[in-house]
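Worksheet: one structure, shown below.
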Amino acid sequence: MKYLDLWSQLTETEKICLLTGRDFWTTHSVERLGIPSIWLADGPHGVRKATSTAETGIGTSLPATCFPTAATLSCTWDEALVERVGRAIGRECRHQGVHVLLGPGLNLKRHPLGGRNFEYYSEDPLLSGKLAAAFIRGVQTQGVAACAKHFAVNNQETDRMRIDALVAARPLRELYLRQFEIALREGRPQCVMASYNRLNGIFCSEHRWLLRELLYDEWGFDGVVISDWGAVNDRAAALCAGLTLEMPGNGGTSDRVLQQALHKGDIRQSDIDNAAVQLLRLVLQLHDAAAQPLVADYEAHHELAIAAAVQSLVLLKNEDGILPLSPGLRVAVIGQFAQYPRFQGGGSSQVVPTHLTNLWDALHGYLPGEQLHYAVGYEISGQIDEAQINEAQRIARRVDVAVLCVGLPDSYESEGFDRTHLHLPPGHDALVRAVAAVQPRTVVVLTSGAPVVLPWIEQVPAVLWAGLAGQGAGEAMARVLCGQVSPSGKLTETWPQRLEDTPAYHCWPGDGWRVHYGEGLFVGYRWYDMRQIEPLFPFGHGLSYANFAYLSLSGPDQLPATLEGACWHLRLRNTGMYPATEIVQLYVHPPEGPVRRPKQELAAWARVSLEPGQEQVVTLVAEPTAFQHWDPARQAWVTCGGCYELRVGASSRDIRLRHTIEVETPVLPPRLDRFSPIREWLSLPEAKQVLEPLVEALANKMAGPQAPAKGIAFMRAVLYDLPLHKLVGFTSGHFSFEMIETLLNAAKQRWANS
Ligand code: BGC
């Protein structure tokens with residue numbers, strides 16, 4: 029192996045030097061051995077290659093295609109499309125000489141105020157994991173490494189560099205790690221980025237369990253862990269925990285720390301060796317893959333960016349079929365975003381686009397210019413401007429329909445800070461109210477990377493959410509508004525009616541040091557369902573210009589404990605007048621049981637494109653974990669048997685078909701230890717034989733000879749609840765500690781054989 033050969037020729041200093049970046053964006057080379065350096069660049073929704081390795085390059089990077097951000101692209105629920113976008117970004121990386129793309133970002137959206145939510149896919153781990161896997165596959169087809177970030181539980185910007193996320197075992201596994209697990213298994217990224225924050229007391233970049241035991245040992249990751257930029261606090265601890273590459277470079281500071289740690293014996297030579305081998309392997313792999321120069325077709329990518337944006341837009345409301353706009357209508361386009369669109373979020377992900385479409389220009393491609401009128405509507409600062417509102421009202425009165433472009437400006441939403449409220453700028457809200465008062469046919473086109481509250485929702489008949497749809501946003505809006513294509517996006521995040529309804533309201537964003545994930549398993553729709561709170565728009569919601577009939581659902585009524593064959597068939601028909609795509613969703617509602625679980629969880633979905641009148645049978649294969657929970661005692665996913673309801677619908681709150689199935693309860697040996705109650709020990713035949721007569725005798729004795737039957741029954745109940753080891757005292761040693769050892773061994777034996 030070439031990398032092993034080269035590694036064997038490296039001096040100790042060179043090995044150490046390789047483990048920290050050279051500057052902001054590249055790794056060290058070793059000229060004498062011909063070891064090249066690699067270039068790492070942000071992501072995730074376009075490549076952001078700085079023009080110099082010494083600068084962050086935000087706003088000055090090389091032009092690249094700006095695709096919809098993850099929060100928006102996720103509304104397509106389209107793995108194939110996300111993979112194509114990943115491939116295009118990977119190709120642009122190759123064109124620009126970038127070896128590692130710092131993306132996808134796949135943290136879960138714990139709270140709608142999270143400043144980077146626009147960079148993440150969803151509040152649901154299955155959807156996030158599948159889309160992230162697709163993106164990774166796409167990028168890596170081009171010989172570029174994807175770097176899945178930010179591992180892990182990096183859900184807020186407030187105090188992101190020190191906050192300690194305190195998360196219990198089940199939400200950690202079932203939610204916050206779950207999408208990483210899926211993305212790793214199905215996408216196989218070559219790199220993972222360790223996040224800034226702490227998880228349950230330990231910084232993620234130094235978290236041995238998280239990196240070494242979970243990521244490498246349990247999940248079988250065989251790539252390189254890279255620190256988030258400046259996330260390392262203790263270089264030696266990070267190395268031992270499994271973090272290979274520290275970024276960015278720090279002028280040799282970390283090299284000196286590692287040298288000292290090595291000489292003091294705090295780290296072993298093998299820690300350095302293993303990390304250097306890993307890094308060298310990645311560097312050579314990426315250089316081999318990049319041996320052939322590749323050229324990106326930026327024009328084709330611009331078209332892809334438009335197509336992706338078209339699919340991403342979500343029609344939130346459309347009364348009386350006000351949309352699509354009929355061709356002959358006079359239209360007032362109001363709001364600066366129509367000419368100066370906001371199409372991506374702020375921070376490290378900010379791409380310099382190759383083109384930029386805007387709604388005002390794009391509408392001219394579909395409607396005659398004389399039918400179109402424009403008013404500025406507000407200042408970008410968002411303050412209420414009476415003169416502009418009056419002007420907007422004046423032109424809105426003169427037309428047949430008003431299209432209002434409002435949303436969150438850059439100053440409201442960015443990496444680096446969380447939002448403090450869910451409102452639009454006051455000037456935008458005031459504009460909507462004022463225009464809706466004079467023009468009942470008012471369509472709101474909303475731009476934001478995350479949910480906002482819409483206090484005027486009852487006053488307008490239509491709302492189209494454009495998210496942050498990238499450089500093709502304006503063209504995509506025009507196509508959807510004018511009916512060139514029916515909208516098909518569906519929300520991947522619940523929109524609350526008010527901040528107070530949100531799951532983490534009571535424990536966000538922590539006290540500066542710690543943030544307690546007090547809502548536990550109930551994140552996103554899992555919370556609104558459990559608390560029976562009516563959201564503004566539910567998870568999975570999105571309207572179409574067509575109508576779909578959910579005709580029938582068929583499939584097995586029973587599932588074995590192995591969950592094989594969890595596959596159902598839905599008959600769907602387009603009963604409307606437009607060709608359109610429906611995203612059908614399958615949720616699983618578990619039985620009540622001793623293990624508390626969400627009321628329903630997403631288990632599968634499908635995108636179905638149908639012509640008017642066309643019908644299709646769609647196959648939905650449920651994800652096994654929909655029938656499982658993470659068992660912290662066993663450290664494993666465990667199938668919960670019982671009667672489940674399968675729910676198929678157009679959103680999490682628009683269920684059209686139900687089907688009941690019985691899932692076999694797996695035969696699992698209970699986890700028995702000396703603290704397990706006697707009733708649990710009865711499942712072990714060796715224990716049953718000894719304990720039953722003993723408890724019977726003891727219950728009679730303790731109740732006394734004259735005791736009525738219910739007195740004995742009570743004693744029996746108390747004794748069966750007794751932790752096993754207490755029986756020693758209760759029987760004055762008649763049941764001995766040796767007996768406990770014998771039973772523990774018997775249990776271990778059965779456990780091992782099962
Ligand atoms: C961000 C990462 C980004 C890195 C490099 C960090 O502050 O958290 O997402 O990749 O900077 O720009």
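Following our numbering, the numbering of the sequence shown begins with 29 at its first residue and continues without gaps.
The beta carbon of each residue, even a glycine, is placed where N, CA and C say it ideally should be.
A quick note: this is a predicted structure, and the numbers were derived from the prediction, not measured.
Can you tell me whether residue i is buried or exposed, with buried defined as 16 or more other CB within 10 angstroms of its CB?
i	result
Gln-499	buried
Glu-83	exposed
Trp-536	buried
Gln-586	exposed
Cys-121	buried
Glu-441	buried
Ser-516	buried
Arg-296	exposed
Asn-602	buried
Ala-654	buried
Trp-257	buried
Asn-182	buried
Lys-776	exposed
Gly-761	exposed
Ser-582	exposed
Val-323	exposed
Trp-541	exposed
How is residue i classed by DSSP in three states: helix, strand or coil?
i	result
Leu-203	helix
Val-380	coil
Gly-763	With the sequence shown as reference, residue 763 is identified as Phe, and Gly is not the correct amino acid for it. Looking at Phe-763 - three-state DSSP - the assignment turns out to be coil, as it is neither helix nor strand.
Asp-659	strand
Gln-586	strand
Pro-694	coil
His-178	strand
Gln-364	helix
Val-718	helix
Lys-776	helix
Leu-395	coil
Glu-42	helix
Gln-288	helix
Asn-346	strand
Ala-454	The amino acid occupying residue 454 in the given sequence is Pro; Ala does not appear at that position. Three-state result, Pro-454: helix.
Ile-117	helix
Gln-613	strand
Tyr-224	coil
Leu-238	helix
Tyr-545	coil
Val-666	strand
Ala-69	strand
Trp-493	strand
For ligand 1, any of its heavy atoms closer than 7 Å to the Cβ of residue i?
i	result
Trp-257	yes
Ser-150	no
Asp-529	no
Leu-130	yes
Lys-177	yes
Ser-376	yes
Asp-70	yes
Report whether the distance from the Cβ of residue i to the nearest heavy atom of ligand 2 is below 7 Å.
i	result
Leu-579	Looking for ligand 2 in the displayed structure turns up nothing; the ligands present are ligand 1.
- prompt: With a cut-off of 8 Å, do at least 3 Cβ pairs link the segment 310–319 to the segment 485–500?
  reply: Two segments are said to touch when three or more pairs of C-beta atoms, one from each, lie closer than 8 Å; by this definition the segment 310–319 does not touch the segment 485–500.
- prompt: Between the segment 668–676 and the segment 617–632, are three or more C-beta pairs nearer than 8 Å?
  reply: Taking a cut-off of 8 Å for Cβ pairs, the segment 668–676 and the segment 617–632 touch, as three or more such pairs fall below it.
message: Check whether the segment 96–112 and the segment 35–43 touch, using three or more Cβ-Cβ pairs below 8 Å as the test.
response: In short, these stretches do not touch, since the Cβ pair count stays below three.
query: Are there three or more Cβ pairs, one per stretch, closer than 8 Å when the segment 267–274 is compared with the segment 148–164?
result: No: the two stretches stay apart, fewer than three of their Cβ pairs being nearer than 8 Å.
- request: Decide if the segment 207–225 is in contact with the segment 129–142; the criterion is three or more beta carbon pairs, one per stretch, under 8 Å apart.
  value: Yes, they touch.
field: Meets three-Cβ-pair contact criterion under 8 Å: the segment 214–232 and the segment 279–286
entry: When Cβ pairs closer than 8 Å are counted between the two stretches, the segment 214–232 is seen not to touch the segment 279–286, the count staying below three.
Segment contact, 8 Å Cβ cut-off, at least three pairs: the segment 349–363 with the segment 398–406: Segments in contact, yes.
Cβ pair count under 8 Å reaching 3, the segment 639–646 against the segment 597–612: Between the segment 639–646 and the segment 597–612 there are three or more C-beta pairs closer than 8 Å, enough to call the two in contact.
message: Using 8 Å as the cut-off, can you tell me whether the segment 69–83 makes contact with the segment 363–380, which would need three or more C-beta pairs spanning the two stretches below that distance?
response: As far as the Cβ criterion goes, the segment 69–83 touches the segment 363–380, which means the pair count is three or higher.
message: Does the segment 172–189 come into contact with the segment 218–225, if we say contact requires no fewer than three beta-carbon pairs (one atom in each stretch) closer than 8 Å?
response: When C-beta atoms of the segment 172–189 are compared with those of the segment 218–225, three or more pairs fall below 8 Å, so the two segments count as touching.
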